[in-house]
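Residue numbering for the sequence shown follows the UniProt record's numbering, beginning at 1 and increasing consecutively.
Ideal Cβ positions, reconstructed from N, Cα and C, are used throughout, including at glycine.
In this text the structure is predicted, and so the values were computed from the model without any measurement.
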Amino acid sequence: MAVRKIKQERRPEILDAALRLSEERGLAAVSMRAVAADIGLTPMALYGYFEGKEALLDGLVGRLLRELPLPGSEPDPRTDTDTDTDPGSRPDRDPDHGSAPAPGPDSGWRDRLLACARGARALAHRYPRTFPLLLDRPAELPEAMRVVDALYAALLDAGVPDAQVAALERMISTFVLGFAVSEVNGRFGEGSLGTRGRRGLADPRQVPAHHRLGEVLDRPVDWDAEFEEGLGRLLEVVERSAAPRAHG
């Protein structure tokens with residue numbers, strides 16, 4: 001059976017259209033037909049570039065990950081804030097969570113891990129309706145492997161034993177992706193009732209800890225500080241994992 005050759009020349013345009021459609025209408029709106037119509041192609045013509053919707057979604061994941069700041073990577077011009085006077089006016093900008101600079105080739109392991117983690121959170125704020133897709137796809141794409149490889153390299157440079165590197169990478173990635181998705185999809189939000197209102201609807205005997213912590217739970221949360229605190233604790237885990245080798 002002959003292998004169908006996938007066209008390349010319009011793939012960036014197609015992925016940009018899919019990303020735009022996802023941010024405007026949600027991931028459920030991304031279909032071969034909708035993306036084709038957006039850029040003036042027939043659905044059949046789009047199959048020359050992507051084998052189907054699953055391949056299109058994989059391409060969308062790669063499109064997002066190419067914006068992550070990795071050592072030696074060039075900044076994506078679509079996140080260059082110097083050319084836009086209104087950062088909130090474009091779907092790839094967030095006024096409070098702009099794109100982070102890529103760490104230099106001589107950056108230490110901490111700086112590289114922090115840059116990747118902060119960059120992922122910034123990416124979630126730039127593309128809040130599309131970013132959750134990163135949790136739904138296996139990390140087998142070339143772009144995903146490059147990100148994971150950069151994390152592996154940082155952990156190895158920290159002195160983490162080879163046998164522990166993959167598990168630590170999964171711990172870091174799970175925290176960063178889970179926090180970022182929860183932050184942008186509303187899971188961390190107070191909802192229409194607020195913490196006090198939700199607590200008032202529940203029987204204190206069924207949620208006693210909520211009532212005990214009521215005063216604390218009603219305080220505003222500094223999500224930036226909480227994220228940074230979580231990263232700090234993860235760095236401590238990395239240091240403890242590396243300690244036996246460093247002092248052995």
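I think residue i touches residue j, with their Cβ atoms under 8 angstroms apart; what is that distance to the nearest whole Å?
{"i": "leucine 68", "j": "valine 147", "result": "6 angstroms"}
{"i": "leucine 151", "j": "aspartate 58", "result": "Not confirmed; about 20 angstroms, so no contact."}
{"i": "leucine 234", "j": "isoleucine 172", "result": "6 angstroms"}
{"i": "aspartate 38", "j": "leucine 60", "result": "Not really, about 14 angstroms apart at Cβ, beyond 8 angstroms."}
{"i": "alanine 28", "j": "alanine 36", "result": "That belief does not hold up - the Cβ atoms of alanine 28 and alanine 36 are roughly 17 angstroms apart, past 8 angstroms."}
{"i": "arginine 66", "j": "glutamate 143", "result": "6 angstroms"}
In terms of residues, what are the limits of the alpha helix (DSSP H) holding residue i?
{"i": "glutamine 8", "result": "Taken as a continuous stretch (DSSP letters only), glutamine 8 belongs to no alpha helix (DSSP H), as it is neither H nor E."}
{"i": "arginine 146", "result": "142 to 158"}
{"i": "serine 182", "result": "162 to 184"}
{"i": "glycine 59", "result": "53 to 65"}
{"i": "alanine 120", "result": "109 to 126"}
{"i": "valine 216", "result": "214 to 217"}
If you compare alpha carbons, which of the options is closest to residue i?
{"i": "residue 249", "options": "Leu41, Ala37 and Gly26", "result": "For the chain, the structure presents residues 1 to 248; residue 249 sits outside this window and is missing."}
{"i": "glutamate 226", "options": "Met171, Arg121 and Leu135", "result": "Arg121"}
{"i": "alanine 115", "options": "Arg129, His211, Pro71 and Ala166", "result": "Pro71"}
{"i": "tryptophan 109", "options": "Leu156, Gly52 and Asp136", "result": "Leu156"}
{"i": "glycine 62", "options": "Pro43, Leu123, Leu46 and Ala36", "result": "Leu123"}
{"i": "residue 249", "options": "His210, Ile172, Ala17 and Pro103", "result": "Lying outside 1 to 248, the shown extent of the chain, residue 249 is not represented and no answer is given."}
{"i": "valine 30", "options": "Arg10, Met44, Tyr49 and Glu54", "result": "Glu54"}
{"i": "arginine 137", "options": "Gly40, Leu56 and Gln164", "result": "Leu56"}
{"i": "alanine 154", "options": "Met44, Met145, Glu143 and Glu169", "result": "Glu169"}
{"i": "valine 160", "options": "Ser241, Asp224 and Leu231", "result": "Ser241"}
{"i": "histidine 239", "options": "Leu113, Ala34, Ala28 and Glu51", "result": "In the sequence under discussion, the amino acid at residue 239 is glutamate, which differs from the histidine named in the question. It is Leu113 whose Cα lies nearest to the Cα of glutamate 239."}
{"i": "residue 249", "options": "Arg129, Pro208, Asp38 and Gly104", "result": "Nothing in the structure corresponds to residue 249, since the chain is present only between 1 and 248."}
{"i": "alanine 180", "options": "Asp224, Gly104, Ala144 and Ala37", "result": "Asp224"}
{"i": "glutamate 9", "options": "Glu23, Pro204, Glu229 and Gly48", "result": "Gly48"}
{"i": "tyrosine 127", "options": "Glu24, Leu217 and Val237", "result": "Glu24"}
{"i": "glycine 232", "options": "Pro204, Asp218, Ala117 and Asp162", "result": "Ala117"}
{"i": "histidine 125", "options": "Ala45, Pro12 and Gly186", "result": "Gly186"}
{"i": "threonine 174", "options": "Asp162, Asp106, Leu41 and Gly230", "result": "Gly230"}
{"i": "glycine 52", "options": "Thr42, Met32 and Leu41", "result": "Met32"}
{"i": "phenylalanine 188", "options": "Met145, Leu217 and Ser107", "result": "Leu217"}
{"i": "valine 165", "options": "Asp149, Gly178 and Ala139", "result": "Asp149"}
{"i": "valine 176", "options": "Glu228, Gly200, Asp203 and Asp222", "result": "Glu228"}
{"i": "histidine 211", "options": "Arg11, Gly200 and Pro43", "result": "Gly200"}
{"i": "proline 12", "options": "Ala34, Thr42, Pro43 and Phe50", "result": "Phe50"}
{"i": "alanine 167", "options": "Ile14, Leu15 and Val237", "result": "Val237"}
Is residue i near the ligand HEM - that is, is its Cβ less than 7 angstroms away from at least one heavy atom of it?
{"i": "leucine 134", "result": "Looking at this structure, you won't find the ligand HEM or any other ligand, since it has none at all."}
**OP:** Please specify which runs of the alpha helix (DSSP H), each continuous and at least 4 residues long, are wholly inside the UniProt DNA-binding region "H-T-H motif" (31 to 50), giving them in chain order.
**Re:** 32 to 39 and 43 to 46
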